[in-house]
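All the letters of the sequence shown, read from the start, carry residue numbers 1 to 495 under my numbering. Glycine included, each C-beta is placed from N, C-alpha and C at the ideal position. Worksheet: one structure, shown below.
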Amino acid sequence: MSVDEKRLIDEKTAAFVVIGGGIAGVTCAETLSALSPEKKVILITASPLIKAVTNFQQLSKALETFDVVEKPSSSLQSECSNVEIIHASVTALDSGKHIVETDAGKTVKYDKLCICTGGKPKLICKDNPYVIGIRDTESVQAFQKKLSGSRRIVVVGNGGIATELVYEVQGCEVVWAIKDDSISTMYLDAGAAQFILPKLKEGKPQQSGLLKRLKYTVADSPSPGVQSTPGGALGPDWAEKVTLKGGSQGDQPRVHVEYKVEVKEVWTAEEFNARNPGQSESSSSGNHEEWPVCVELTNGVVYGCDLVVSATGVYPNTHPFVKDNQFRLGADGGLEVNSKMQTSVQDVFAAGDVCTAGWQPSPLWQQMRLWSQARQMGAYSAKCMLADLHQEDIHMDFCFELFAHVTKFFNYKVILLGKYNAHGLGKDYHVLLRMTEGKEYVKTVMHDGKMVGATLIGETDLEETFENLILNQMDLSSFGEDLLYPGVDIQDFFD
Ligand code: FAD
């Protein structure tokens, strides 16, 4: 049999092919199936389980909550009869012939393709058994196992993953190394960081209070599938759902934050001793030789520890696609997409963590690699693929008008709206602040008399009102400093 004949036998064809079984890919396939039940959709994914959104709730115009579950792909196939799932890793794309190749030796031909392959963790130190990155279910299970015997870990990174982790880990000393002068800078300004910091010292309450946010369920993963391709990213509340217990007695948190540092070097104890005879690392528990690994920070401090968690973000997982095709990439290395989620390669779309929004965004929206945006982009890209197939025009979805994110840090509900950190405004803004220690932190960003962003921490109940004020761009200058005064009922504005 010739190579071409063999290829024809192994070739599948579909109008729509989606790559990736994370939230973006699954939402894209589900939306295509719902909008175009007569067309075949193939979803190719390297992960053995797929991620699905359930209990979706639109809290306000822009804020949404949903649960995320991992489930076997058979359930998607039974819900969406025109969707076929192929478990394989895509190894190459021939965009000229409209074909993707998989490691299982199959080729799949498409009319329209959507790439939703997520991101890969940036590791501070590759191939070091004591350095672990957290991305998917498998990596959490590996982390849990290693943590159970740990007395001290060093967590490196200042994003959402690190912030959740340092709060959730119990029974273990945690050194949190961050490059900024305040915690969680991606989400919080220095004031908000100071506001939530005492909770880190208090530790977790026995029972979490009311939780209005996304929930994530980690299923037991079946026997590992494709090894080298990452599984779907974890997401909201992942750390609450798994036990993160170290090897020491007691649950009291012992977190020490090292500010304005990066990791200079990660040593094994032998390497450290050989290179630095006579110098001991910063160890509160005596002899440094008891630690299997040492982390040297740029401020000169060296910590001995059992484990290093590298939570320094992800980079877009574009490799199989960019090697043979001329994709335009964003500054962060993602596949650049226009306002119709099209990449620069014909008939190829992209959504979720793998893509970089290349359109002129609404002044109140910015891309952040979040679960909610993966869902929104997945759904919108399906609509765009369909519109493109039928050569119809399509308007940008409303969800890209206003950035809105609900999360929880240190057991506080956190809501971020619009330009919550005044990004892109230079010095042309001012901030109004209302704070009650331990209870609430309300910050609004004002520009030209209008509200353009807000950070709400605690049960403020202000999210819908502020969302309206930001979207409507009303002139609020007459309120002046009184805007956040508790006696001023801004909600009256909308009655
Ligand atoms: P992914 O979920 O990464 O899915 C990618 C899919 O592509 C996977 O199924 C993978 O197996 C598949 N794939 C990859 N390469 C190939 C290939 N070559 N061939 C076939 N299939 C392939 N977001 C929030 O909003 N709030 C949070 O609190 C939050 N916390 C997080 C905590 C952690 C630990 C992590 C890692 C992320 C967190 N995020 C959070 C981010 C959020 O999880 C991601 O933005 C979102 O899941 C991205 O979805 P995605 O579908 O684009 O990619």
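With a cut-off of 8 Å on Cβ pairs, the stretch 423 to 431 is not in contact with the stretch 379 to 392, counting fewer than three such pairs. Between Ile86 and Gly191, the alpha-carbon positions lie close to 48 Å from each other. Going by DSSP, Trp371 is part of the alpha helix (DSSP H) stretching over Trp371 to Leu389. Considering only Thr444, Phe321, Glu463 and Glu202, the residue with the shortest C-alpha distance to Val348 is Phe321.
The beta carbon of Pro320 sits closer than 6 Å to at least one heavy atom of the ligand FAD. Distance between Ser148 and Ala104, taken at the CA atoms: about 37 Å.
Only exposed fits His423, as fewer than 16 other CB atoms lie within 10 angstroms of its CB. Around the Cβ of Lys443, a 10 Å sphere holds 16 or more other Cβ atoms; the residue is buried.
Distances taken from the Cβ of Leu49 to the heavy atoms of the ligand FAD include none shorter than 6 Å. For Ala62, the secondary structure class from DSSP, reduced to helix, strand or coil, is coil. Under the three-state reduction of DSSP output, Arg151 falls in the coil class, being neither helix nor strand.
Classified as exposed, Gln58 has fewer than 16 neighbouring CB atoms from the shown chains inside 10 Å of its CB. For Val90, the Cβ falls inside the 6 Å cut-off from some heavy atom of the ligand FAD. Residue environment: Asn158 is assigned as buried (16 or more neighbouring CB atoms within 10 Å of its CB, all protein chains considered). Listed as beta-bridge partners of Pro121 by DSSP are Val314. Under the criterion of beta carbons closer than 8 Å, Gly453 and Leu476 do not qualify as touching, at roughly 13 Å. Each residue's CA atom was taken as its position, placing Ala62 and Ala15 some 32 Å apart.
Beta-bridge analysis with DSSP links Tyr110 to Ala14. For Val261, the closest C-alpha among the options Pro292, Asn128, Val155 and Gly330 is that of Val155. Excluding its 5 nearest sequence neighbours in each direction, Leu32 has C-beta neighbours in its own chain below 6 Å: Phe16, Val41 and Ala382, listed in chain order.
Glu70 carries a strand assignment under DSSP once its states are collapsed to helix, strand and coil.
Taken through DSSP and simplified to helix, strand or coil, Cys294 comes out as strand. Note: Trp176 is bridge-paired with Val155 and Val257 in the DSSP secondary-structure output.
When rounded, the separation of the alpha-carbon atoms in Phe327 and Leu93 is 11 Å. Between the alpha carbons of Val295 and Thr102 lies a gap of roughly 40 Å.
Collapsing the DSSP output to three states places Phe349 in a strand. Between Ala29 and Leu43, the C-beta gap is smaller than 7 Å, which places the two residues in contact. By the Cβ rule, the stretch 403 to 418 counts as touching the stretch 192 to 203, because three or more pairs are nearer than 8 Å.
Non-local beta-carbon contacts of Val26 in its own chain, meaning distances under 6 Å to residues more than five positions away in sequence, involve Ile50, Lys51 and Ala52 in chain order.
The continuous alpha helix (DSSP H) containing Ala190 extends over residues Ala190 to Glu202. Taken through DSSP and simplified to helix, strand or coil, Gln141 comes out as helix.
Remark: the shortest separation between the CB of Ile23 and any heavy atom of the ligand FAD falls under 6 Å. Out of Ser362, Gly160, Met186 and Val308, the CA that lies nearest to the CA of Phe400 is found in Ser362. Distance check between Gly458 and each of Val345, Val445, Met446 and Lys439 places Lys439 closest, using alpha-carbon atoms only.
Counting only the Cα atoms, Ile19 lies some 11 Å from Ser47.
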